[in-house]
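The structure appears right after this line, and notes come after that.
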Amino acid sequence: MRIYLADLAHTHSVGDASLTVPLSIGYLKAYAVADHGDAVDISLFKHPERLLARVAVAPPQVVGLANYGWNANLNLAVGRHLRQTLPEALIVAGGPNIDPDPARQLAFLQRHDYLDFLVVDGGEEPFSELLHWRRDGGERRSLPANLVWREDGQLRETAPRPLGKVIEGVPSPYLGGYLDEFLAAGLVPMLETNRGCPFRCTFCAWGMASKDLVRRFDLETALAEVRYIGARSTASNWLVCDANFGILKRDVAIAREIRKVRKTYGRPHKCHVWLAKNVTERNLEIGKILGDMTVPVMAVQSLDDEVLAKIKRGNISTETYVEYQKKFHAIGSKTYSDLIVPLPGETLASHVEAIRRLADFGVDIIQNHNMRLLSGAETNSTETRDTFGFRTRYRLIHGDAGAYRRPDGGELRCFEYEESLRETTTMSEAEMFHLRKLHFLVDFCWNIDVYKPLLKLLQLYGVNPIDVLQELLAEPLVGDGRLAAFWAHFDRLSREEWFDGEQAILDYFADKANFERLLNQEFEKLNVMFSVIALRDYKPDFDRSLLAIASATGKVPEAVLRPVADYCFAAFPPLSQSDGSDAVEIPDNLSELTAETAASFQPSTKLHKVRLTEQAGRRRLREILAAPGRMTLSKVLNTQDISLSELRLVVQQDLGFDGQFRRAS
Ligand code: SF4
13 MRIYLADLAH THSVGDASLT VPLSIGYLKA YAVADHGDAV DISLFKHPER
63 LLARVAVAPP QVVGLANYGW NANLNLAVGR HLRQTLPEAL IVAGGPNIDP
113 DPARQLAFLQ RHDYLDFLVV DGGEEPFSEL LHWRRDGGER RSLPANLVWR
163 EDGQLRETAP RPLGKVIEGV PSPYLGGYLD EFLAAGLVPM LETNRGCPFR
213 CTFCAWGMAS KDLVRRFDLE TALAEVRYIG ARSTASNWLV CDANFGILKR
263 DVAIAREIRK VRKTYGRPHK CHVWLAKNVT ERNLEIGKIL GDMTVPVMAV
313 QSLDDEVLAK IKRGNISTET YVEYQKKFHA IGSKTYSDLI VPLPGETLAS
363 HVEAIRRLAD FGVDIIQNHN MRLLSGAETN STETRDTFGF RTRYRLIHGD
413 AGAYRRPDGG ELRCFEYEES LRETTTMSEA EMFHLRKLHF LVDFCWNIDV
463 YKPLLKLLQL YGVNPIDVLQ ELLAEPLVGD GRLAAFWAHF DRLSREEWFD
513 GEQAILDYFA DKANFERLLN QEFEKLNVMF SVIALRDYKP DFDRSLLAIA
563 SATGKVPEAV LRPVADYCFA AFPPLSQSDG SDAVEIPDNL SELTAETAAS
613 FQPSTKLHKV RLTEQAGRRR LREILAAPGR MTLSKVLNTQ DISLSELRLV
663 VQQDLGFDGQ FRRAS
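Residue numbers are given in my numbering: position 66 of the sequence shown equals residue 78, and the series is strictly consecutive.
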């Protein structure tokens, strides 16, 4: 039996280094091969055009599609084409993007009308049993558990199957060699050492398929996978896709194995992990082991107790959180936190306060997300939508669009979009538009470090950085008013990215000219796009405005403020500049400036000359930015271990001041 399994990605605008290894279908193959032996011939696909081409020369009897929020419309386009080409084939789908609500499942099956079955809640056993069913002639009454399908316009289903804490009998697709071709092609390796999440945050669907269990794979297998990938992959970036890495004691051993691989092969440079929400000592241990390979994510989503109760989430205490920020900094790690807005009950004031507090806690990267309504999450239910007065709109998922050649000369054109929350009983859309600008400033000025030295200096003197950024928004006419044009441009695109309904976004991109613009990457993520615009066209204007606001606080002595501002502005010169200009002069004793000494600090009149230089990372990034093409910049940055912060010039010596005068690494 010839079987094609596809975890399709929009390959139109990214190269292999920005794709992830198709791990989920690798597991399906590993289980099915162990179960059926030579009776099955299973191929895996990531690229839509490669799947279409293979189907034309060697039609399969069975097709399985992995369904996610970022490929549902690609599956729809490919699936409908396959149904026409392969009328007799069994076509099934599974994945986390399928809501457990029966009405939504029926709607999904009506839309994805090429499907015979949906496999729900973990696919290895049901999919393999479905192959037995097909090989045995396909009697409906002997269908396996965990299936859903549409019959006579109604939803039909088989019983759910019980789950255990230990995942047994699912072989490793890596160790079986089934993912070798993807490792060889440089795709980002993913490791799954356990499945599920014991917490129940209402906006999240991560643990849905595992029913609140943390279902673990065998430790020795996980360690062997790390070694196997290390010996074969050239990718600089790995992902551990456990929802709570560190929740199990054994995760320390897995982190050690990853570190060993880095020592042996010099790769991966980065290994992204989502740390367990509450196991802080172990998180710290893992942070120490992985060191510069990872930025520990300690997400909070909100810091308001009432909001947290409404979303059924309990964060660790503020004291503990701050303590661990310090500990992570002491071992040289940058720290990262997430906020989602608007969560039920969140107000503009409570959200801004959360960003202010995270900045004061010393979080290095504060990522703000517009809340997305995810299939399977409690927030997606009609009841939650009604209770909190949700009003949603639709927008593109950036970079997930493409035009894919069919072997018959035709083309499949499709793009992905998301439904996101724009208004609740406690937050208006006007406030969301305001926050979009503030979030951009947090990203540009704080997360990618463009103004961090200046903001940190103000923080030492009791000025919250977010207050400064709010001031910058309130006073776009500071200086010669050029920033007003920047914000008008930002605001226009920020409003244009939203569509009132699914049909509206579909109609807009059904227009050929609009779709061409999409393929030409004219709809980039706003934060990335405007960071580049700001650094290219408005850098001196931002410099002048921020200096004026900093000065107007009256908190920092001018003799300290000026040289730090000079250094800060010189470290991120306009994009066209290839190297530092003249050396910057700073007081010789700046390394003695701390929160404790700030009040009495006297800058030395003896000045120290520092020369800022461009490193390889900046050169590489400037080349990427200069090359117009089909690459989606935000995707390349996300997946290839590149950050816009690499556009910073660096100094050769460590000059103290809270690590802000950073040395070349
Ligand atoms: S947000 Fe994190 S902790 Fe909460 S349910 Fe999702 S995976 Fe679990």
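Backbone N, C-alpha and C fix where the C-beta goes; we use that ideal spot for every residue, glycine too.
Residues near residue i in its chain [Cβ-Cβ closer than 8 Å; skip 5 each side]
i: A51; result: M13, R147
i: L159; result: F129, L130, V131, V132, P138, L142, E169, T170
i: L732; result: A query on residue 732 cannot be resolved here, the shown segment of the chain reaching from 13 to 677 and no further.
i: V480; result: L467, L470, L558, I561, A562, T565
i: P599; result: A571, V572, P575, P615, S616, T617, K618, L619, H620
i: T396; result: T214, P356, E390, F402
Distance CB(residue i)-CB(residue j) smaller than 8 Å
i: T438; j: E358; result: yes
i: P280; j: V319; result: no
i: A311; j: D254; result: no
i: A678; j: L98; result: Residue numbering for the chain in the displayed model covers 13 to 677; residue 678 lies beyond these limits and cannot be assessed.
i: R494; j: D553; result: yes
i: Y348; j: P308; result: yes
i: T404; j: R448; result: no
i: I301; j: C283; result: no
i: Q122; j: R153; result: no
i: S314; j: N382; result: no
i: S646; j: E536; result: yes
i: A68; j: P586; result: no
i: V252; j: Y39; result: no
i: V544; j: L637; result: yes
i: S245; j: P201; result: yes
i: I685; j: V45; result: The chain is shown only over 13 to 677; residue 685 falls outside these bounds and no answer can be derived.
i: G106; j: M220; result: no
i: F456; j: A546; result: yes
i: N206; j: G258; result: no
i: T23; j: L35; result: no
i: K324; j: R507; result: no
Contact set for residue i: own chain, Cβ-Cβ below 6 Å, skip 5 residues either direction
i: I179; result: R227, F229
i: T233; result: S184
i: V596; result: D578, Y579, A582, V622
i: R368; result: N476, I478
i: Y460; result: According to the sequence as given, residue 460 is Ile; it is not Tyr. Same-chain partners within the cutoff: L656, S657.
i: R630; result: E658, L659
i: S362; result: D316
Sequence-distant residues of the same chain with beta carbon closer than 7 Å to residue i, five excluded per side
i: R262; result: L231
i: T391; result: T214, F215, L385
i: E514; result: Y406
i: R425; result: A415, F527
i: F427; result: N85, L408, D412, A413, F521, L530
i: F542; result: F452, F502
i: S677; result: Any reading at S677 needs caution, since the residue's pLDDT is 49, under 50, leaving its predicted position unreliable; the model's value is listed next. Cβ neighbours of S677 beyond the five flanking positions: none.
i: A610; result: L472, Y473
i: D28; result: A197, G198, L199
i: Y240; result: Y186, L187
i: I328; result: N290, T292
i: K41; result: L17, I54, L56, P185, Y190
i: D164; result: none
For residue j and residue i, believed in contact at Cβ under 8 Å, the rounded distance
i: E136; j: R173; result: About 11 Å separates the two Cβ atoms, so there is no contact after all.
i: V678; j: I110; result: Nothing about residue 678 can be reported from this structure: the residues present for the chain run from 13 to 677 only.
i: L260; j: E237; result: Between E237 and L260 the Cβ distance is about 16 Å, and since that is not below 8 Å, they are no contact.
i: C580; j: L505; result: That pair is no contact at about 27 Å.
i: L191; j: V33; result: 5 Å
i: E443; j: L360; result: 4 Å
i: A217; j: P354; result: A217 to P354, Cβ: 19 Å. No contact.
i: W286; j: N256; result: 7 Å
i: E534; j: S590; result: So it is not a contact: roughly 27 Å between Cβ atoms.
i: L225; j: L155; result: With a Cβ gap of about 25 Å, L225 and L155 do not count as contacting.
Contact test: residue i Cβ vs the ligand NAP heavy atom, cutoff 7 Å
i: G219; result: Judged by which ligands are present, the ligand NAP is missing from the structure shown, whose ligands are the ligand SF4.
Touch test, the segment 361 to 379 against the segment 408 to 418, Cβ-Cβ under 8 Å, three pairs minimum: no
contact_flag[the segment 145 to 159, the segment 195 to 202] where n(CB pairs < 8 Å) is 3 or more: no
Validate contact between the segment 87 to 102 and the segment 366 to 375 using beta carbons, cut 8 Å, 3 pairs: no
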